[in-house]
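Student: Sending over a structure as structure tokens; questions will come in a sec.
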Amino acid sequence: MNKGRWVFILLIAFFTLSSYVLTDTNKININTATVEELVSLPGIGNKIANRIIEYREKNDNFKTIEEIMNVKGIGKKKFKKIKQLITVGDETTPARATPSPTPTK
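Numbered according to the working numbering, the sequence shown spans residues 998 to 1102.
In structure tokens:
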């Protein structure tokens, strides 16, 4: 294979992998994550991971990723390190409108 073909193949591989890495599907959903998944986040150990799970169970899940700062041990500094790595679910889905009741005759 010539040099130009190798460069082309490497560029395709790079862009394919980089687009995979940057998708939301790779974010950890803090509303469903296990302790093992949470401890993979920078600065999150077993103790804080368990607090995250306790918080979401007591408060009916996180509504926003910023709410994780209510968990003891997660301040602004730690949040800044993990905010690009976490999600609370499908944040891009707009709220559904409630259908109007149909009039009865």
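All residues carry an ideal CB built from backbone N, CA and C; glycine is no exception.
(1) At the level of alpha carbons, what is the spacing between LYS1024 and ALA1030?
(2) Which term fits ARG1053, buried or exposed, when burial requires 16 or more other beta carbons within 10 angstroms of its beta carbon?
(3) Tell me the DSSP bridge mates of ASN1026?
(4) Can you look up VAL1068 in the DSSP assignment and give me helix, strand or coil?
(5) By Cβ distance below 7 Å, which residues in the same chain neighbour LYS1080 in space, the five residues on each side in sequence not counted?
(6) For VAL1032, I'd like the list of residues in its chain whose CB is within less than 8 Å of its CB, leaving aside the five on either flank, ordered along the chain.
(7) In chain order, what residues of the same chain lie with their CB nearer than 7 Å to the CB of LYS1077, ignoring the 5 residues before and after it?
(8) Three-state secondary structure (DSSP) at VAL1032?
Tutor: Well, looking at it:
(1) LYS1024 and ALA1030: Cα-Cα distance of roughly 10 Å.
(2) Per the 10 Å Cβ criterion, buried.
(3) Paired residues: THR1084.
(4) VAL1068 falls in the coil class under three-state DSSP.
(5) Cβ within range, chain order: ILE1062.
(6) Its chain contains ASN1043, ALA1046, ASN1047 and ILE1050 as the residues whose beta carbon lies nearer than 8 Å to that of VAL1032, once the 5 sequence neighbours on both sides are disregarded; these appear in chain order.
(7) Around LYS1077: no qualifying Cβ.
(8) Reduced to three states, the DSSP call for VAL1032 is helix.
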